[in-house]
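**Student:**
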Amino acid sequence: MLLLQPDDVRKAIESDIRGFLDTLKRVLIEKSSGKGWYPSRPSTNLPKGWIGFMPAYSEELGAVAVKIVGVFPENPSKGLPTVPASVLLIDAETGVPLSLMDGTVITEYRTGGASALSAEVMARKDSETLLVVGAGAQGRSHSRLIPEVRPIKRVFVRDVDRARAESLADWLRKRGLDAEAVTENRRADIIATVTTSKEPVLFGRDLTEGTHVCAVGAYTPDARELDDTAITSFDRIVVDTADALQAGDLKIPLERGLIPRDRVVGELGEVLAGSKIGRASPEEITLYKSVGTSALDVAASFFVYKRAKELGLGREVDLSP
Ligand SMILES: NC(=O)c1ccc[n+]([C@@H]2O[C@H](COP(=O)([O-])OP(=O)(O)OC[C@H]3O[C@@H](n4cnc5c(N)ncnc54)[C@H](O)[C@@H]3O)[C@@H](O)[C@H]2O)c1
């Protein structure tokens, strides 16, 4: 069994970003076509956080994976990630464990990767500006991966913690992007909300014709990153999985009748497969709402395992009896 640490996972993904995105795309399409096994995650609240168990079987890849992931908001003050995770990848032919790997970097990249795929089919082709609200792990992956699929020239970063916004903007500038830490939302062609906030961080006034939004941070029934005016502005809403309908950003406005159910056109996998439309005109304002699906974890971990073997990353351990 191959043990892969966070740095190994990052190196494997960074060695072939396009291959990584294409693997996510294949499995999202598989999931939306009804193949494979991607159950809703069992989860429970814990004294200081939340923990979820995300099993998956991809027929397409011949792989089984389970990610155990938590959300622990107080962790950064202890020098730990907000969203700690690990993934066990298993060979679907034999049931033998192939790899135990860090799941924190998997979560970081697979979530930003799915948002980038949403941008590829929902954002205007000429999108040049990106606003990232929330400068944590997801802020980094979104500002890293969305420019891979759209010609982003300028990135605005906002965070309640100004130092975090400055630090991400600095990191982006070192990568050659024109990035600026801002204290108020700026209008942009693509906007990613990736905060731990339970209260709205994006407002109707921030949206203009043609904007594509990736709303990623809120996953509980009572938390919202988008205010009422923002959520009613969208012409088209796409979700990563039907579980997203239970997140406050959609559940609350749907229950209050603020938006009709058919505003949610389908899953990202269906749009990627071409069976649903993600954007019908340059003027439309579009939303991709994600809460996470195990399809992305099995895809990401399988890709990382294959690349790590090719690159000689990680450490083998023998668990055979
Ligand atoms: N949809 C998915 O698949 C998915 C996957 C992973 C994480 N998440 C969620 O995304 C969120 C971010 O995760 P992360 O790992 O980047 O966390 P993180 O703690 O690394 O970063 C969150 C950032 O949001 C900032 N923030 C909090 N409230 C804010 C506000 N009102 N305005 C602006 N900034 C604010 C914090 O200061 C912090 O920098 C979490 O809620 C997590 O549960 C979703």
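For the sequence shown, our numbering begins at 1390 and goes up steadily by one. C-beta: ideal position from N, C-alpha, C; glycine also.
Given a cut-off of 8 Å on the beta-carbon distance, is the pair V1549 and V1521 in contact?
**Tutor:** no
**Student:** Which residues in the same chain have their Cβ closer than 6 Å to the Cβ of D1480, if we skip the five residues on either side of it in sequence?
**Tutor:** Counting only Cβ-Cβ distances below 6 Å, and skipping sequence neighbours, we find L1487.
**Student:** By how many angstroms is the C-alpha of S1556 removed from the C-alpha of P1465?
**Tutor:** 15 Å
**Student:** On the DSSP letters alone, give me the boundaries of the alpha helix (DSSP H) that E1588 sits inside.
**Tutor:** Per DSSP, E1588 belongs to no alpha helix (DSSP H) and is neither H nor E.
**Student:** Below 7 Å, is the gap between the Cβ of G1606 and the nearest heavy atom of ligand 1?
**Tutor:** G1606 Cβ: within cutoff of ligand 1.
**Student:** Around the Cβ of L1596, are there at least 16 other Cβ atoms within 10 angstroms (buried) or fewer (exposed)?
**Tutor:** buried
**Student:** Just list the residues that DSSP pairs I1579 with in beta bridges.
**Tutor:** L1519, H1601
**Student:** Using CA coordinates, which residue listed in R1415, T1621, A1401 is at the minimum distance from E1659?
**Tutor:** R1415
**Student:** Going by beta carbon distance, what residues of the same chain come within less than 6 Å of A1607, once the five residues before and after it are set aside?
**Tutor:** R1613, E1614, A1636, G1637, D1638
**Student:** Whole-angstrom Cβ separation of L1391 and G1703, contact assumed at under 8 Å?
**Tutor:** 5 Å
**Student:** Please find out if some non-hydrogen atom of ligand 1 comes closer than 7 Å to the beta-carbon of P1536.
**Tutor:** no
**Student:** Is there contact between the segment 1668 to 1678 and the segment 1507 to 1527, where contact requires at least three CB pairs shorter than 8 Å?
**Tutor:** yes
**Student:** Ligand 1 heavy atoms versus the CB of S1586: any closer than 7 Å?
**Tutor:** yes
**Student:** What residue from S1622, R1562, K1698, T1471 has the CA that sits closest to L1647's CA?
**Tutor:** Closest option to L1647, Cα to Cα, is S1622.
**Student:** Are the segment 1422 to 1429 and the segment 1390 to 1404 touching by the rule of at least three beta carbon pairs closer than 8 Å?
**Tutor:** Taking a contact to require three or more Cβ pairs closer than 8 Å, the segment 1422 to 1429 and the segment 1390 to 1404 do not qualify as touching.
**Student:** What is the rounded straight-line gap between the Cα of G1459 and the Cα of S1475?
**Tutor:** Distance between the alpha carbons of G1459 and S1475: 10 Å.
**Student:** Out of curiosity, what's the CA-to-CA distance linking G1525 and E1537?
**Tutor:** 19 Å
**Student:** With a threshold of 8 Å on Cβ separation, who are the neighbours of S1591 within its own chain once the five nearest residues in sequence on each side are excluded?
**Tutor:** Per the sequence shown, residue 1591 should be read as Leu rather than Ser. Within the same chain, L1591 has close Cβ partners V1522, N1574, I1580, T1582, V1602, A1604, E1614, L1615, D1616, A1619.
**Student:** Kindly indicate which residue of T1682, V1494, R1645 has the alpha-carbon position closest to the one of P1431.
**Tutor:** T1682
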